[in-house]
Each structure stands twice: as structure tokens, then as C-alpha cells.
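Sequential numbering of the sequence shown, starting at 941, is according to the working numbering.
Below is one structure, written out as C-alpha cells; the observations come after it.
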Amino acid sequence: MKLKLFVLSTILLSMASLSAHATVAANAHVTTISQTRTGIVDVYLDVARTNLPACAGSNTTVFRFDATTTEGQALLASFLVAYTAGHLIDVTGSGTCDAGGGAVESISYISIRKQ
941 MKLKLFVLST ILLSMASLSA HATVAANAHV TTISQTRTGI VDVYLDVART NLPACAGSNT
1001 TVFRFDATTT EGQALLASFL VAYTAGHLID VTGSGTCDAG GGAVESISYI SIRKQ
């Protein structure tokens, strides 16, 4: 019984990981940062992504995060630095659209570098 449960849980986890495709935007510049009054931030880039997660629809140049959290505030600061300085960034999505609802992929990782 334990073996069957283990096999079933392994299969379900494998299926979940296949359905969530995190995307990467490489060598991008931030073009727009918009924030709602509830703290949800959309960051628009000048690079379109492909292979978006199903939840993201056709939003190929935007990522979203919640700036009311400590992690979100750190992301906002990083994006503001990149935007102000015009630095290139790489952004990795989470493969989910869990920030603020809607069809925009959430952010998992950002890397900023000088040109």
C-alpha cells in the first residue's frame, strides 16, 4: 500500500511539474513598471518570451509580483535600479500566475548586470 501511494504521489508531482513551465527573459531592459493600490506590480520588458505557462495567455513581455511582501519589496527595488540605470536583466518566471490574479506569470528570479 505504501509503495502504491509513493508511486501515485511521484506521478502526480511529475505531472504538476510538467504543467508549470517557467519562462526566461534574457538580455532585457525594463520598459514600464506599474503598481496597483493593493501592491501588485507589473514589470514590462523589451523582450518577448515563448513557451509561456498556460495561465499566462498571450502576455509575453510582462511579469507580475506582490510588493506587499518582503520578497516583493526586494524585487521592486531591483527592478527600479535596473530601470533607472538602464541595465540589462534576466528574469525567470515561476511557471504560475499567482500574484494578484489574472493571466500574468509571477517572478521567481532576477539578475541585473552592467552593460
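Ideal placement from N, C-alpha and C gives every residue a C-beta, glycine not left out.
Can you round the beta-carbon distance between residue i and residue j to whole angstroms, since I take them to be within the 8 angstroms contact cut?
i	j	result
residue 1002	residue 964	No, residue 1002 and residue 964 are not in contact; Cβ-Cβ is about 14 angstroms, not under 8 angstroms.
residue 975	residue 1007	6 angstroms
Skipping 5 residues on each side, what residues in its chain have a beta carbon closer than 6 angstroms to that of residue i?
i	result
residue 1030	966 and 1051
residue 987	965 and 968
residue 1049	1032
residue 921	Missing from the structure shown is residue 921; the chain here goes from 941 to 1055 and no further.
For residue i, collect the residues of the same chain with a Cβ closer than 8 angstroms to its Cβ; drop the 5 residues on either side in sequence, then sort them by chain order.
i	result
residue 995	1036, 1037, 1043 and 1045
residue 980	1004, 1005, 1006, 1007, 1039 and 1040
Taking DSSP's pairing of strands, which residues face residue i in a bridge?
i	result
residue 968	1029
residue 985	970
Alpha carbon to alpha carbon, what distance is there between residue j and residue i?
i	j	result
residue 945	residue 1026	Summary for residue 945: the model assigns pLDDT 43, below 50, so the residue's position carries little reliability; its value from the coordinates is reported in the next sentence. Their Cα atoms are separated by approximately 51 angstroms.
residue 1024	residue 1018	10 angstroms
residue 985	residue 972	7 angstroms
residue 1000	residue 1047	13 angstroms
Between the beta-carbon of residue i and the beta-carbon of residue j, is there less than 7 angstroms?
i	j	result
residue 989	residue 1040	no
residue 1053	residue 1016	no
residue 962	residue 1032	yes
residue 970	residue 1022	yes
I'd like the list of long-range same chain contacts for residue i, defined as Cβ closer than 7 angstroms, with 5 residues on each side in sequence excluded.
i	result
residue 1059	Residue numbering for the chain in the displayed model covers 941 to 1055; residue 1059 lies beyond these limits and cannot be assessed.
residue 997	1043
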